[in-house]
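Since the structure comes first, as structure tokens, the remarks are kept for the end.
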Amino acid sequence: MSNGFNTPQEIAQNLLAVGKKKCTLNFLSVILLGILAGAYIGFGAELMTMVTHDLAKVVGTGFARFMGGATFSVGLMLVVIGGAELFTGNNLIMTGVIKGEISWIDMLKNWIVVYLANFAGSLLLVYIMYYS
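Using the numbering used here, the first residue of the sequence shown is number 623, and each one after it goes up by one.
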């Protein structure tokens, strides 16, 4: 489109291309990017916990929840900006499977590796925080 926005069809095509790219990443890249994503989300969750701890007593529940959402989203921003592989985002690979351009096996391999890597990344963050 000339106005700089994508049509729904263009969005679906872009999503399909991203899904294909995710399924062709080498194994080590997927693991490392998955570990990063797990650590990033864990960092966002810990930041939210630290910011909102006892905040409701001081400023009220509504603002405390707002601050919790604002600080947790830092983890999501790190995932997007850092290009990490987060399991929830990789669920959109299913569009390529439905279209018939990505195999079920490739999708499931990606999902399993990314899910386990996200978990490992969160455990790595827990380990670092516990022993620091």
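For glycine and all other residues, C-beta sits at the position ideal for the given N, C-alpha and C. Quantities reported herein were computed from a predicted structural model and do not represent experimental measurements.
Boundaries of the alpha helix (DSSP H) in which residue i is found, first to last residue
i: Gly684; result: 683-704
i: Tyr591; result: Residue 591 is absent from the structure shown; the chain starts at 623 and stops at 754.
i: Gly760; result: Here the chain has residues from 623 to 754 only, and residue 760 is not among them.
Beta-carbon contacts of residue i that lie in its chain and below 7 angstroms, excluding the five residues immediately before and after
i: Leu658; result: Gly704, Ala706, Gly743
i: Lys721; result: Leu638
i: Ile715; result: Gly641, Lys644, Cys645, Ile724, Met729, Asn732
For residue j and residue i, believed in contact at Cβ under 8 angstroms, the rounded distance
i: Glu723; j: Lys644; result: The Cβ separation is near 12 angstroms, so there is no contact.
i: Gly697; j: Ala667; result: 7 angstroms
i: Met670; j: Phe694; result: 4 angstroms
i: Tyr749; j: Phe709; result: Between Phe709 and Tyr749 the Cβ distance is about 20 angstroms, and since that is not below 8 angstroms, they are no contact.
i: Ala678; j: Ala686; result: 4 angstroms
i: Asn625; j: Asn636; result: In fact, because the Cβ distance is near 16 angstroms, the residues do not count as touching under 8 angstroms.
Residues of its chain near residue i, where Cβ-Cβ distance is below 6 angstroms and the 5 sequence neighbours each way are ignored
i: Leu747; result: Ala661, Gly664
i: Leu655; result: Ala706, Glu707
i: Leu700; result: Tyr662
Spatial neighbours of residue i in its chain, beta-carbon cut-off 8 angstroms, leaving aside the 5 residues before and after
i: Phe649; result: Val735
Problem - Uninterrupted alpha helix (DSSP H) stretches inside the stretch 708-737 (no shorter than 4 residues) - result: For the alpha helix (DSSP H) assignment, the uninterrupted runs of no fewer than 4 residues enclosed by the stretch 708-737 are, from N- to C-terminal side, 709-712, 716-721.
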